[in-house]
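What follows is a set of notes on a single structure, which appears directly below.
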Ligand code: NDP
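Residue numbers (the working numbering): 111 to 393.
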């Protein structure tokens with residue numbers, strides 16, 4: 111059996127087109143402001159792609175660049191300004207922040223209604239309680255890929271490998287909301303390969319290159335690889351040993367071209383949703 115390859119690039123392109131079409135019909139222009147502190151090259155690349163994708167979708171996209179030694183108080187002042195800015199519907203502070211800045215304090219300062227990354231405690235609580243809110247972009251993108259692949263989640267055994275607040279935890283909450291039976295595995299999990307093998311749906315988000323091997327996967331399982339790892343030889347690989355798992359999985363996402371493009375597409379959708387909800391709240 112050869113796994114069906116779930117083409118995140120194509121699904122993301124469709125979603126971006128839908129978002130752009132919805133924006134074109136609005137009587138206003140949604141605004142997204144990305145705040146980049148410091149000069150981390152990977153962050154600069156991510157911010158540029160977000161900016162370009164947002165502009166392509168018809169969003170008023172702006173990037174605020176701040177020096178690496180910006181005091182936390184100056185960053186908090188900037189966020190307060192953006193919270194009050196009527197043209198900004200979505201605020202995204204690119205992570206990681208320089209070590210002298212408390213990322214938690216910064217995230218908490220963002221107006222939850224503008225928190226398009228979905229990291230503010232109010233949005234985390236909404237997701238945990240199954241209430242409406244802004245959902246983190248990467249797990250939201252994974253859910254859309256699963257839907258596109260026709261995976262039935264109700265009653266399925268889903269295993270999320272990784273428990274970060276950016277990916278693993280919100281991922282588990284979304285799968286639970288879709289009626290899957292969810293296990294969260296992490297670095298202390300006993301007999302990880304056996305846990306993984308039981309899963310009908312395996313989501314890998316560890317940041318460990320090609321850690322999930324073919325014999326960790328149940329025959330025919332759906333494997334979603336969130337990992338993005340740069341090897342010393344320059345190759346980009348996921349957390350799953352993709353080539354060997356192709357003969358084992360029922361469906362699998364590649365890296366690159368799987369979850370990555372969905373993250374940005376979902377950011378655009380979150381910006382659109384935030385813009386609509388904010389205006390409805392004002393009416
Ligand atoms: P974190 O480092 O925050 O979390 C990694 C998680 O994996 C932790 O919960 C950790 O367990 C677990 N883990 C690490 N090593 C092992 C191991 N050997 N066995 C079992 N569990 C392990 O990473 P993120 O969640 O932020 O990111 C995960 C991956 O996803 C990265 O490759 C990142 O680049 C990628 N990513 C991709 C995105 C995209 O758009 N496609 C967006 C965001 C992230 P413990 O908690 O016990 O330490």
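Ideal Cβ positions, reconstructed from N, Cα and C, are used throughout, including at glycine.
Residue i beta carbon near the ligand NDP (any heavy atom closer than 6 Å)
i           : result
residue 159 : no
residue 338 : yes
residue 318 : yes
residue 370 : yes
residue 118 : no
residue 296 : yes
residue 274 : yes
residue 180 : no
residue 304 : no
residue 277 : yes
residue 315 : yes
residue 143 : no
residue 293 : no
residue 248 : yes
residue 173 : no
residue 198 : no
residue 373 : yes
Cα-Cα separation between residue i and residue j, rounded to whole angstroms
i           : j           : result
residue 127 : residue 300 : 43 Å
residue 371 : residue 212 : 28 Å
residue 305 : residue 149 : 40 Å
residue 376 : residue 156 : 14 Å
residue 288 : residue 294 : 15 Å
residue 302 : residue 164 : 39 Å
residue 317 : residue 276 : 12 Å
residue 144 : residue 130 : 19 Å
residue 202 : residue 296 : 27 Å
residue 283 : residue 214 : 20 Å
residue 261 : residue 241 : 23 Å
residue 368 : residue 238 : 26 Å
residue 309 : residue 327 : 8 Å
residue 255 : residue 117 : 8 Å
residue 290 : residue 267 : 6 Å
residue 121 : residue 180 : 38 Å
residue 374 : residue 159 : 8 Å
residue 177 : residue 227 : 22 Å
residue 325 : residue 140 : 47 Å
residue 280 : residue 247 : 10 Å
residue 114 : residue 378 : 27 Å
residue 354 : residue 340 : 19 Å
Distance between beta carbons of residue j and residue i, contact taken as under 8 Å
i           : j           : result
residue 271 : residue 331 : Not really, about 12 Å apart at Cβ, beyond 8 Å.
residue 171 : residue 161 : 5 Å
residue 365 : residue 337 : 7 Å
residue 175 : residue 146 : 5 Å
residue 335 : residue 381 : Not a contact, Cβ separation roughly 26 Å.
residue 388 : residue 223 : 6 Å
residue 111 : residue 357 : 7 Å
residue 218 : residue 231 : 6 Å
residue 350 : residue 320 : 7 Å
residue 259 : residue 361 : 5 Å
Residue(s) in a DSSP beta bridge with residue i
i           : result
residue 115 : 362
residue 143 : 172 and 201
residue 295 : 271
residue 332 : 311 and 361
residue 261 : DSSP, once it has assigned bridges, lists no residue as partnering residue 261.
residue 339 : 347
residue 322 : 350
residue 225 : 201
Distance cut-off 6 Å: residue i Cβ against heavy atoms of the ligand MN
i           : result
residue 363 : The model depicted lacks the ligand MN and carries the ligand NDP instead.
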